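Quick notes on the structure that follows.
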Amino acid sequence: MQLKSTITVIGAKRSKGEMEGKPYDHTTIYTQDSLDQKNGDAIGSAGSDYRWGTSDNYKSIQGLIPPFNADVTLEVITTGKSTRMIIVDLKPVAQPSPKQS
8 MQLKSTITVI GAKRSKGEME GKPYDHTTIY TQDSLDQKNG DAIGSAGSDY
58 RWGTSDNYKS IQGLIPPFNA DVTLEVITTG KSTRMIIVDL KPVAQPSPKQ
108 S
């Protein structure tokens, strides 16, 4: 199942290498998410992380300065025991230019 959303990216990290003989290669996107304030027990926001393909994806956002908004396609995946969401596609949203005085 795929979902579309707009997220606030607060960070990104690429990882590529080998651990205990097993190769790994991914980009992790860190997002700002609102805390559930319905019960009055929380305020503000927290961070979440999502995998986004290989470390090559990092290159497409490397020059951007967080935080920035991005339109994403998320996919729900499962191992049969646990479920998580991954980013399938990420497109930064153009930020308005600052007004000149």
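So for the sequence shown, our numbering puts the first residue at 8; every next one is plus one. We put the CB at the ideal spot given by N, CA and C, even for glycine. Please read all numbers here as calculations on a predicted model, not as lab measurements.
Which of helix, strand or coil DSSP assigns to LYS88: coil
Separation of GLY87 from PRO73, as counted between CA atoms: 35 Å
Status (buried if at least 16 other CB within 10 Å, exposed otherwise) for VAL16: VAL16 should be labelled buried.
Opposing strand residues paired with ILE93 [DSSP bridges]: Answer is GLU82.
Run of the beta strand (DSSP E) containing ILE17, from where it starts to where it stops: 9–26
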